Amino acid sequence: FGLWSTKMFQEKKRCCVKLSVHPSRGLMDEKFTVLVQNVLPGFQLTVYAFYKCEGGYSWEAFAHYTASATGAVNVSEDPSRGGTYSGVEPMGLMWSLRPVPGSKSGLRMRKMNVQTPMEVTISVYQGHLTEGFVDQVPLAAVVVERWYMAPGVRRIPITEGGLTATLFLPSGPGPFPGLLDLWGGGGKLVEYRAALLASHGIAAMALDYLTPQITKETGKMVDYEYFEAAYRVLEQHPQILGSRIAMLGLSFGTSVTLRMAVYSQVIKLRCAVCISGSHVQPIDGSHLFVFSLLSFFSNADKTRFNEEQHVIWRDLLMPIPTDASLKVDVGRLRCPLLLVVGEDDQNWPSYESAMDEMMQRAGNEHLLTVLSYPNAGHLIEPPFTPSARASAFKTISNTPQTVMVLWGGEPVAHSVAQEDSWRKTLVFLRVNLYGGSQPGAKMKNLL
Ligand SMILES: *[C@@H]1O[C@H](CO)[C@@H](O)[C@H](O)[C@H]1NC(C)=O
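So the sequence shown is numbered by my numbering: it starts at 21 and just counts up by one.
Okay, here's the thing in structure tokens:
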């Protein structure tokens, strides 16, 4: 009888706990609310998030809560007392996701197929658990879909002009402003940020410029003309406003963006966004600048390692040279520039570059906006992406090596930087791409 009544009690408790997540289907940069109801006042519970990524690795986040006098927990306003985050963190279940114990080291979460959602299971457990979730039965569970592509966004692979690229067009007839999206030194065609930008009304093209098909076939790195060909595809597309095009780069993509913005005779930008990069690079007039950049950045003497043997590359460009032939002449920029900088960037001297006198003067200082974030690292991604302080990285060279690279960033501060910089980047792009004919609106006048 005793056993039977305990079972009854458990069944009752299980059936009556209500877990709701709103919206349960949304964009990656959209917040959700997680609400637990129908538990006893003061009841201790754990809210748990689980995600199995495309590579087959499992990720988890969890937090300990105590139910209110009305028997509820609202993750958007109640504090976590422990877990993978603490305090009030409305989106902590996403940004604090980490590989489950025992996973291989050096993982970084990146969605490669943007045509399917990230499916995260949110569940509630009795008590304050920190491990053994798989052996327990949750009191309630909900599957949440997180998308990079909003309904109606179209994904168009581009191979014309020898490009390896993907264009994302927003839903609707357009025409839309356009954007060329460049990732960093890892190469590959990485689509998720461009897909998300298209979800916000900008026709965005993700471009592989370090490992494109043409380089695989010929063994040669791309030159100026490759980026200009990508720009022309955007400019001439019937659904894109040819006079309203931006470039956005992260890391190595920043070097390319600044180089093209200042020196290309073809590319005319409305504005540019540079995340975690630098204007330092050899300016020798060569069109083979991607190759010369890569060589410039492989100065092994200045490579450092931390105690865990993670590679620190930020010194490769330090100290910031005074020699003008080693920097993009940012004084010649004619469009507004947004710099996004993590002050704990261990991979590039992005903070020092942004503070460089030449950049500050920029000849036309009114065009420059700097967003600088204390304790944020190098990989400033769209919001709620879990940060990897270090991860495995395959170098681009004739003899590729996989090394563990230190990116930097303290999780809470990094997550704040991602959320804030993304929101401001969207405002910056909207104002400069959709705004009137007068470019140059500075962020501080807007926010
Ligand atoms: C949960 O908290 C958020 C943020 O304070 C609030 O907007 C929402 O209405 C709350 N939900 C409920 C059901 O109380």
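Glycine included, every Cβ here is placed at the ideal spot set by N, Cα and C. On a predicted model such as this, the values are computed, not experimentally measured, just so you know.
- Under the 8 Å Cβ criterion, the segment 394-410 does not count as touching the segment 306-324, having fewer than three qualifying pairs.
- Per DSSP, Thr231 lies in no alpha helix (DSSP H) and is assigned neither H nor E.
- Three or more Cβ pairs drawn from the segment 344-355 and the segment 277-291 lie within less than 8 Å of each other, which places the two stretches in contact.
- Counting only residues of its own chain and dropping the five nearest sequence neighbours on each side, Leu337 has a CB closer than 6 Å to the CB of Ser298, Val300 and Pro369.
- The three-state reading of DSSP puts Ser411 in strand, counting E and B together.
- The Cβ neighbour count for Cys291, taken over all protein chains shown within 10 Å, is at least 16; the residue is labelled buried.
- When C-alpha distances from Ala160 are compared across Leu200, Ser78, Ala250 and Tyr68, the shortest belongs to Tyr68.
- Inside the segment 344-376, DSSP marks whole beta strand (DSSP E) runs of 3 or more residues at positions 357-362, from first to last along the chain.
- At a threshold of 7 Å, Thr86 does not count as near ligand 1, since its beta carbon sits no closer than that to any of the ligand's heavy atoms.
- The DSSP-derived three-state label of Ala396 is coil.
- Distances from the CB of Ser96 to the heavy atoms of ligand 1 include at least one below 7 Å.
- Counting along the chain, Gln135 sits inside no beta strand (DSSP E), nor does DSSP assign it H or E at all.
- Taken through DSSP and simplified to helix, strand or coil, Met129 comes out as coil.
- Residues Val282 of the same chain have their beta carbon placed closer than 7 Å to that of Asp349, with the five preceding and five following residues left out of the count.
- About 17 Å separates the beta carbons of Trp442 and Pro394, which is beyond the 8 Å limit, so they are not a contact pair.
- Going by DSSP, Gly262 is part of the beta strand (DSSP E) stretching over Ile260 to Leu270.
- At a cut-off of 7 Å, the beta-carbon of Thr90 does not count as near ligand 1: no heavy atom of the ligand is closer than that.
- At a cut-off of 3 residues, the continuous stretches assigned as beta strand (DSSP E) that sit fully inside the segment 253-338 are 260-270 and 291-295.
- The nearest non-hydrogen atom of ligand 1 is 7 Å or more from the C-beta of Thr238.
- With a cutoff of 8 Å on beta-carbon distance, Val360 and Ile400 are scored as near each other.
- At the C-beta level, Ile416 and Thr231 come within 8 Å of one another.
- Closer than 7 Å to some heavy atom of ligand 1: that describes the Cβ of Leu55.
- Straight-line measurement puts the Cα of Leu199 at about 5 Å from the Cα of Ala224.
- For His386, no alpha helix (DSSP H) run applies, since DSSP gives it neither H nor E.
- By the neighbour-count criterion, in which a residue is buried when 16 or more other Cβ atoms sit within 10 angstroms of its Cβ, Arg264 is buried.
- Residue pairing by DSSP places Leu159 in no beta bridge whatsoever.
- In the pairwise beta carbon analysis, the segment 187-202 is classified as touching the segment 162-175: at least three pairs are separated by under 8 Å.
- Under the 10 Å beta carbon count, Glu211 is surrounded by 16 or more other beta carbons and is classified as buried.
- A Cβ-Cβ separation of about 20 Å leaves Ala412 out of contact with Gly362 under the 8 Å criterion.
- By the neighbour-count definition (other C-beta atoms within 10 Å, threshold 16), Leu254 is a buried residue.
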